[in-house]
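Same order as they appear, the protein sequences are chains A and B. In terms of our numbering, the first sequence has 79 at position 79, counting the first letter as 1, and numbering is strictly consecutive. In terms of our numbering, the second sequence has 220 at position 106, counting the first letter as 1, and numbering is strictly consecutive. Cβ coordinates follow ideal geometry from the N, Cα and C atoms, glycine included.
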Amino acid sequence: AQSVAQPEDQVNVAEGNPLTVKCTYSVSGNPYLFWYVQYPNRGLQFLLKYITGDNLVKGSYGFEAEFNKSQTSFHLKKPSALVSDSALYFCAVRPTGGGNKLTFGTGTQLKVEL
Amino acid sequence: KAGVTQTPRYLIKTRGQQVTLSCSPISGHRSVSWYQQTPGQGLQFLFEYFSETQRNKGNFPGRFSGRQFSNSRSEMNVSTLELGDSALYLCASSLGTVRSNTEAFFGQGTRLTVV
């Protein structure tokens, strides 16, 4: 069975500073990894995915994520945070060849302050 | 391209009643998945339909059921509602072939409140 851990319930960062939201995963075989963002009373918006290839994946709104197979991690990063980045971020994993069942982490609330 | 559409957006039901939620996927997408989101349990997978067949199922009681039509639209039904069924129900659509590496796109969700 696959699982995802997001160890931080909340991350606080000042606007303009770099941000990191952590994610580790457990899955049999090669994983597909995803980051989604959720704003209040809204659905999930896709940010980026890792399928194969380069370990550094670039996504929407200046976000990127680094895949580390040995540490089974897929941390979300952004060089310079904006107040508008404040939202709930979810990491998700899906095994290859397993349909579209996503297993999500518990979410990390990102708060970017002026 | 139109996104994933879920109706209704908000719903209030009484314990013991049943409810049907609807999801229209992105045109061309054949896979529709349903998720329940609650503050206590987070995002939990309910089931996935692909070409009118249930392909994956989560760990929910039989009161939760779904179906998919030939145009890929999907409905989920919850019978004998309990207070604990109050949640945001999210639908996600994707191309859906087994080896597809494409991402899922989510609708805005249906907020169900059981009183």
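Query, Result
"Same chain only: Cβ atoms within 7 Å of Thr72(A), ignoring 5 sequence neighbours per side", "Thr24, Tyr25, Ser26"
"Through-space distance from Ser188(B) to Phe63(A), alpha-carbon basis", "32 Å"
"C-alpha gap between Asn173(B) and Gly16(A), whole angstroms", "42 Å"
"Counted within 10 angstroms of its Cβ, other Cβ atoms place Leu33(A) as buried (16 or more) or exposed", "buried"
"Where the region 189 to 204 of chain B meets chain A: residues whose CB sits under 9 Å from a CB there", "Leu202, Leu204"
"Pairwise C-alpha distance: Ala87(A) and Gly114(A)", "It should be noted that the sequence gives Leu, not Gly, for residue 114(A). Looking at the two C-alpha atoms, the distance is approximately 15 Å."
"Within-9 Å CB hit, Tyr61(A) to chain B", "no"
"Below-9 Å beta-carbon distance, Glu166(B) vs any chain A residue", "no"
"Residue span of the beta strand (DSSP E) that contains Val229(B), given as start and end", "Run containing Val229(B): none; DSSP gives neither H nor E here."
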